[in-house]
Structure formats: structure tokens, C-alpha cells
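Notes to accompany the following structure.
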Amino acid sequence: LRLLTAGESHGPGLVAVLEGIPYGLPLTAADIDRDLARRQRGYGRGGRMKIERDRVRILGGVRHGRTLGSPIALWIPNRDWENWRLAMAVDPPQAALVDLAAADLPPLPPEPGAATGAPLPEAGDPRDRPEGPPGGPWPPTGAGAPTGAAPAPSAADGGSLEPGRAGGQPGRPRPPADGRLEPVTRPRPGHADLAGALKYGARDIRDILERASARETAARVAAGAVARKFLGLFGVRIQSYVLRIGEVAIPSPVLTYGEGGRPPVDPDRLAAATEASPVRCPDPDASRRMVEAIRAAGQAGDTLGGVFEVLVTGVPVGLGSHVTGDRRLEGRLAGALMALNAIKGVEVGLGFAAAALPGSQVHDPIGYRPPDAAPPPPGIPPEAAQAGADGWRGPTAGFFRHRNGAGGIEGGISNGEPLVLRAAMKPIATLRRRLPSADLLTGAPFAAHHERSDVCAVPAAAVVAEALVALELAAAWLEKFGGDSIEDVQRNYAAYCQRLANW
Ligand code: EPS
Numbered sequence: 028l029r030l031l032t033a034g035e036s037h038g039p040g041l042v043a044v045l046e047g048i049p050y051g052l053p054l055t056a057a058d059i060d061r062d063l064a065r066r067q068r069g070y071g072r073g074g075r076m077k078i079e080r081d082r083v084r085i086l087g088g089v090r091h092g093r094t095l096g097s098p099i100a101l102w103i104p105n106r107d108w109e110n111w112r113l114a115m116a117v118d119p120p121q122a123a124l125v126d127l128a129a130a131d132l133p134p135l136p137p138e139p140g141a142a143t144g145a146p147l148p149e150a151g152d153p154r155d156r157p158e159g160p161p162g163g164p165w166p167p168t169g170a171g172a173p174t175g176a177a178p179a180p181s182a183a184d185g186g187s188l189e190p191g192r193a194g195g196q197p198g199r200p201r202p203p204a205d206g207r208l209e210p211v212t213r214p215r216p217g218h219a220d221l222a223g224a225l226k227y228g229a230r231d232i233r234d235i236l237e238r239a240s241a242r243e244t245a246a247r248v249a250a251g252a253v254a255r256k257f258l259g260l261f262g263v264r265i266q267s268y269v270l271r272i273g274e275v276a277i278p279s280p281v282l283t284y285g286e287g288g289r290p291p292v293d294p295d296r297l298a299a300a301t302e303a304s305p306v307r308c309p310d311p312d313a314s315r316r317m318v319e320a321i322r323a324a325g326q327a328g329d330t331l332g333g334v335f336e337v338l339v340t341g342v343p344v345g346l347g348s349h350v351t352g353d354r355r356l357e358g359r360l361a362g363a364l365m366a367l368n369a370i371k372g373v374e375v376g377l378g379f380a381a382a383a384l385p386g387s388q389v390h391d392p393i394g395y396r397p398p399d400a401a402p403p404p405p406g407i408p409p410e411a412a413q414a415g416a417d418g419w420r421g422p423t424a425g426f427f428r429h430r431n432g433a434g435g436i437e438g439g440i441s442n443g444e445p446l447v448l449r450a451a452m453k454p455i456a457t458l459r460r461r462l463p464s465a466d467l468l469t470g471a472p473f474a475a476h477h478e479r480s481d482v483c484a485v486p487a488a489a490v491v492a493e494a495l496v497a498l499e500l501a502a503a504w505l506e507k508f509g510g511d512s513i514e515d516v517q518r519n520y521a522a523y524c525q526r527l528a529n530w
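If you read the sequence shown in the numbering used here, its first letter stands for residue 28, the second for the next number, and so on.
Structure follows, in C-alpha cells:
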């Protein structure tokens, strides 16, 4: 499976090309739009999400609602592009301006890129003073925490904290129509701005930030929705939920099993509770406190990170392999999650907690129960059910674990228990309370650039993580059961399940 995405945050749109999905997978735009909409939600998102209504157009690889086995080309237009036609023009700015003459725009500022010629802001402007801690106590403890009445969060509008206008900052005058043509020269600590500009030799940080923006994840979510649809044919389900926002945290709901290895939660109820929460946390009380923490951070001009978990049920024993490092499933999945913007840590199962425990409390005792002869639960192919798949576990020939500290992977191979993956996201780097920075062209001290942004995007990142896990698992699936058509893959999978059932 190969994926390539393209497109800038404020360019015309985002593109994904996914190659390797077999012939004959039922697929419509609605399968993809559902996940695009989920990625847009979550309390703490900024004004951009009020502008965008992400919807895919399938440009290739699908005919009459079925995949053709050819590359699948997906296109997600950026509605905000209308506001950035000049600043993000594909043509050189002077030519683009001729095209846009009807828009009655003011004259262009000097060409960005000439290091000496680029206009620099007046250092005396109070807006250029950093508002964040320059070298004060670290980590800061609730500095600037606001008081006062909390506005009621709204799940319906995604709970955005900023007004939906393009550009500018709340309470400040709107920049001139061509203001975005001015080069961005004050790198944000924590963003790709400075490292990217130095690496590529860019004199305008916009050349870096447009692609470093997490807007690109919309394209990965679209491709991941195709992988999810593919895995769904075999009874595999992927659900994320938020465990932490800032200091508000809940424990993983899936690590502690009941008597005899009974699943700790009903995956349907976990999914319903998660999707009903404005922060995608299945615990309603924690959700309320998380919303409050995001609101307070937003009022203080700050941002918040967090932790989410991805649960994958119905995974058969045998994906990935112990034989070489690059085929180990843990490494592949962790790599996929670490490749998501702002992710700074990944855990599998007990994760870091396993380091503090003796082996007797870490490794999962093995049990056996003959597979049930009853008809398969909905969504599980009969041959997988014969081999012991029950909606929680995938087919395992009847072997099971009394708990799931391994997070469903041993020796780099899936063991049939659900996969349990966690990732830690750092707070978003674009702060309204701007941190100290230095001008890219002169080195002069300035407050970092601020552009409209999110206060917290952990709920959205969890949805993106589902897509990344789906893509990696679909790749591992095709390596084990691959074929040119869905029919071939189903036959290969059925034969494997049969082998397990006859164990
Ligand atoms: C995003 C779109 C962006 C940001 C966010 C993710 O929109 P804009 O830059 O127009 O506000 O909301 O990007 C970042 C957090 C970032 O650091 O770049 C999206 O569609 O997810």
C-alpha cells in the first residue's frame, strides 16, 4: 500500500493518492466524508473549522461504487482558498494580481525572498512584545489562568473559540487584503518554522508552515477511511478516544480484563460515549473538566496537548512478523503514529508502565476455550467466527489472554487480542500569548508570529490516528492475505481462518 499526499493549508486543496487497494472494494464518498467530518470536530478548534466543510471528491480508482485496483485519487477542496488566492497563488504574485484585478486589491509589497529588502515590523509596536514566559518558572504553573463565567461549550459548532473570519486576531483590526503577502519572519517555537526555513533556505516562513500545518491530515484521514472500509470487510474495527487533556486524565478503559479474559468494555458503548463527547472522551465527568481546561487555556492565550488511545478489535493472530525489525507490527504502528504532527510519544499496551512492574504482572497468561459454534456476531465473517473471532478478539484458534498488557502484540506479531495504542500530543505551537522568538532575517528579538489556530486539537488528532493505524494495518493485511481483488483477499483470509479453526 502506498500513499502520497500533496497540498498546502491555504492552497486550493489537498490531494491523496492511495495505491494498492484491491479491485472490488465497495466505496463511496460518504464512506470518506464521515471521517473527514469527525476530524473537524472537538471543543478547542479554531476559526478555520467554521470555514471548512471537508468533503472528498473521488477523482480516480473507483467506478460505479467499487474500487478498480488502480490508484485511488482523492481531492478535498479548501474553502478558505478563496481568502488566500493571492498570498497562495501558484503563479508569481504579479501575474496572479493581474488575474485578480477584478478583486480591486491594493498594490503589492516588495517581492519576499530578498533578505535585505523584506519589510520588518517596528520593534516599538507593543504587539511585538512576547507575552509568554521568556525565562520564568518552567514548566509554568497556571500563570495567567483566567477567572470568570464560563461560556457554555457547544458541541454542535465544534466549540470553536475564535471568530470565523479569515486572518487577524480577535480584538485586533483585520489585516489589509494583501497583508498575507508580507513574509512571515518570526518563527514560532515548537513549529517547523525555524528548522524548516533554515533547512530549505526559505526567507518567508509561509513556504514552510503551509505544508507543516496539520491541515494536511485531512488527506491522510481520507485515505485512511478507504483502509478502514477494507478492514471492515473482515470484522476489524478501529476506535480512538481521548484519555488526557492537559492535567485532566482518565485511565485506559480497556487494559483490565474481567474474569476468564472477559472484555472490559462493550466496544459499541465505548464508541457511542466517545462520539457524544465534545472532546471525544468516553467519561462524561472528565469531558466536562477537559472542556473547562481548554476554555481556560484559550482565555489565557495558551494551548493544551493530551493523550489519546486507539483500540482495534477483531485483529487476527499473525499480522506483522518477528523475523526482521522492519516487519515488527509494533514498530510499524508506532512509526505511523509518530509521523502524525505534534505527536511526541507512543505506547503499546502497558507501555512505559511495564518498565516499573515485575514480569509476572506484565505478561498476559494464556487461556483456551473451544470456539463457539453459535452464528457469528454481526460484521464477522463465518470462517473467522469458527476460528474464535467474537468482535473483541480476532480469530486465534480459541487461545485467549486473561489480560492485555501486551496491547495485542507479542514478538512483533498480533496475538488476536485487541490492539491498544496510546499517543501523547504536545500543545499546539501557535500561541496567542506569543513566545519570545528571533527574526529569521535579522536575528532581532521579537514575539513569535501568531496566526489563527486551535487551542486544542487532541480530539481531532485521535481521529487522524485511527486513519494512520488503518493504513498500516491494511498494509500488513495485504502482505499476509494479499491479492489483486477483494475476492482473492477474502479467499486467502478464509483459508487462514480455516487452518486456525482446524488447529
Ligand atoms: C487545520 C487547519 C489550520 C489550523 C490547524 C489545523 O487552519 P489555519 O492555519 O487556517 O487556522 O487550524 O493547523 C495547526 C494546528 C498548525 O499548527 O498548523 C486543520 O484543518 O486541521
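Heads up, the beta-carbon is just placed ideally off N, CA and C, and yes, glycines get one too.
Collapsed DSSP secondary structure at residue i in the structure displayed
i      : result
Val485 : helix
Ala122 : helix
Leu446 : strand
Thr32  : strand
Thr351 : coil
Arg112 : coil
Lys453 : coil
Phe261 : coil
Gly40  : strand
Arg460 : coil
Val344 : strand
Ile48  : coil
Tyr523 : helix
Ile407 : coil
Gly362 : helix
Start-to-end residues for the alpha helix (DSSP H) that takes in residue i
i      : result
Thr301 : 294 to 303
Glu319 : 311 to 326
Ile103 : First-last for Ile103: 99 to 104, but that is the beta strand (DSSP E), not the alpha helix (DSSP H).
Glu237 : 233 to 239
Whole-number beta carbon distance between residue j and residue i, since they are thought to touch under 8 angstroms
i      : j      : result
Pro454 : Leu364 : Their Cβ separation, rounded to whole angstroms, is 18 angstroms, which puts Pro454 and Leu364 out of contact at 8 angstroms.
Ala313 : Val275 : 6 angstroms
Glu478 : Leu360 : The Cβ separation is near 32 angstroms, so there is no contact.
Ala488 : Arg215 : Not a contact, Cβ separation roughly 18 angstroms.
Ala100 : Gly92  : Ala100 to Gly92, Cβ: 16 angstroms. No contact.
Residue i versus residue j: straight-line alpha-carbon distance, rounded
i      : j      : result
Ile272 : Ala492 : 16 angstroms
Ile59  : Trp111 : 26 angstroms
Pro210 : Val339 : 44 angstroms
Ala229 : Ile513 : 46 angstroms
Val344 : Arg289 : 18 angstroms
Ala298 : Pro309 : 8 angstroms
Gly40  : Gly34  : 6 angstroms
Val318 : Ala433 : 32 angstroms
Arg29  : Glu46  : 5 angstroms
Ala123 : Met115 : 10 angstroms
Ile440 : Gly71  : 37 angstroms
Asn442 : Ala323 : 43 angstroms
Lys77  : Val83  : 17 angstroms
Ile277 : Thr283 : 14 angstroms
Pro134 : Val44  : With a pLDDT of only 48 at Pro134, under the threshold of 50, the placement of this residue in the model should not be trusted; the figure read from the coordinates follows. For Pro134 and Val44, the distance between alpha carbons rounds to 38 angstroms.
Ala521 : Arg264 : 18 angstroms
Pro190 : Pro404 : Any reading at Pro190 needs caution, since the residue's pLDDT is 28, under 50, leaving its predicted position unreliable; the model's value is listed next. Straight-line Cα distance between these residues: approximately 46 angstroms.
Arg526 : Ile321 : 51 angstroms
Ile235 : Thr423 : 47 angstroms
Asp220 : Ile232 : 6 angstroms
Span of the beta strand (DSSP E), counted from its first residue to its last, around residue i
i      : result
Thr340 : 333 to 340
Ala465 : 463 to 465
Ser512 : From DSSP, Ser512 is part of no beta strand (DSSP E); its letter is neither H nor E.
Ile272 : 264 to 272
Val373 : 370 to 375
Proximity to residue i [Cα-Cα], best of the options
i      : options                        : result
Gly435 : Trp419, Ile407, Ala323         : Trp419
Ser97  : Pro49, Gln67, Arg61            : Pro49
Pro104 : Ala450, Asp81, Asp118          : Asp81
Glu374 : Gly285, Ser279, Pro305, Arg460 : Ser279
Ala471 : Arg213, Asp118, Gly386, Ala487 : Arg213
Thr32  : Arg459, Arg355, Ser267, Trp102 : Trp102
Gly74  : Arg242, Asp391, Ala475         : Arg242
Leu377 : Asn368, Ala366, His390         : His390
Ala327 : His349, Gly69, Arg460          : Arg460
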